[in-house]
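Using our numbering, read the sequence shown as starting at 34 and increasing by one per residue. We put the beta carbon where it would ideally sit given N, CA and C, even for glycine. All values derive from a computational prediction rather than experimental measurement.
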Amino acid sequence: MPETTDITGGCQCGAVRYRVVALGRSSVCHCRMCQRAFGAFYAPLVIAHGLEWTSGERRLFASSNISQRGFCGDCGTPLSLENFDDDQVEIATGTLDDPEIAPPTVQINHRYACSFADGIGGLPEPDEAAIAENEAWNATVVSRQG
Ligand SMILES: [Zn+2]
Ligand SMILES: [Zn+2]
């Protein structure tokens, strides 16, 4: 049997880490609950099969009667959306060590999307000088993320 590559991720401070056997559907959800839970216009989520929390302990908030949301109690990173009535767990895609392995393939609850959400991908970038200035500034940032 071929050796499986570890699919891993965790919160920004590194206290809570997980490993996943396989990933399922990758989506963004536009529902109002996901917007608030992520503090974002939509929530990138990917179904996680065989999820194991490998370090730290996530905090849980039962955000509805059907599901709870996991997050790091130390740094606040949203980590999961876990259904009560089945085994489905979705991981916040941006917490994967390599989010590139889970490109979204569907938009959930698009009818509730922020009116400007569809236009974000088409927004202009700053001019080249501003990009260069920003890159220079980025180079001075020392990350404390785990
Ligand atoms: Zn954390
Ligand atoms: Zn949602």
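Does the beta carbon of residue i fall short of 7 Å from some heavy atom of ligand 1?
| i | result |
| --- | --- |
| residue 107 | yes |
| residue 121 | no |
| residue 79 | no |
| residue 135 | no |
| residue 48 | yes |
| residue 140 | no |
| residue 173 | no |
| residue 110 | yes |
| residue 44 | yes |
Work out the CA separation of residue j and residue i for me, nearest whole Å.
| i | j | result |
| --- | --- | --- |
| residue 88 | residue 160 | 43 Å |
| residue 120 | residue 83 | 10 Å |
| residue 141 | residue 130 | 23 Å |
| residue 152 | residue 74 | 12 Å |
| residue 136 | residue 105 | 24 Å |
| residue 113 | residue 126 | 9 Å |
| residue 122 | residue 138 | 17 Å |
| residue 124 | residue 78 | 5 Å |
| residue 55 | residue 103 | 19 Å |
| residue 162 | residue 174 | 19 Å |
| residue 164 | residue 98 | 45 Å |
| residue 100 | residue 117 | 5 Å |
Item checked: Under 6 Å, CB to nearest heavy atom of ligand 2: contacting residues -> 62, 64, 66, 67, 76, 142
Check: Is the region 88-103 touching the region 55-64 in the sense that three or more CB pairs, one from each, lie closer than 8 Å?
Finding: no
Note to self: My parser needs the alpha helix (DSSP H) runs of 4 or more residues fully inside the region 48-119; what are they?
What the structure shows: 65-71
Notebook entry, point to check: Within the chosen definition, does the region 165-179 reach the region 38-45 through at least 3 CB pairs nearer than 8 Å?
Noted result: yes
Check: Of all the alpha helix (DSSP H) runs that stay within the bounds of the region 137-175, which reach a length of 4 or more residues?
Finding: 161-171
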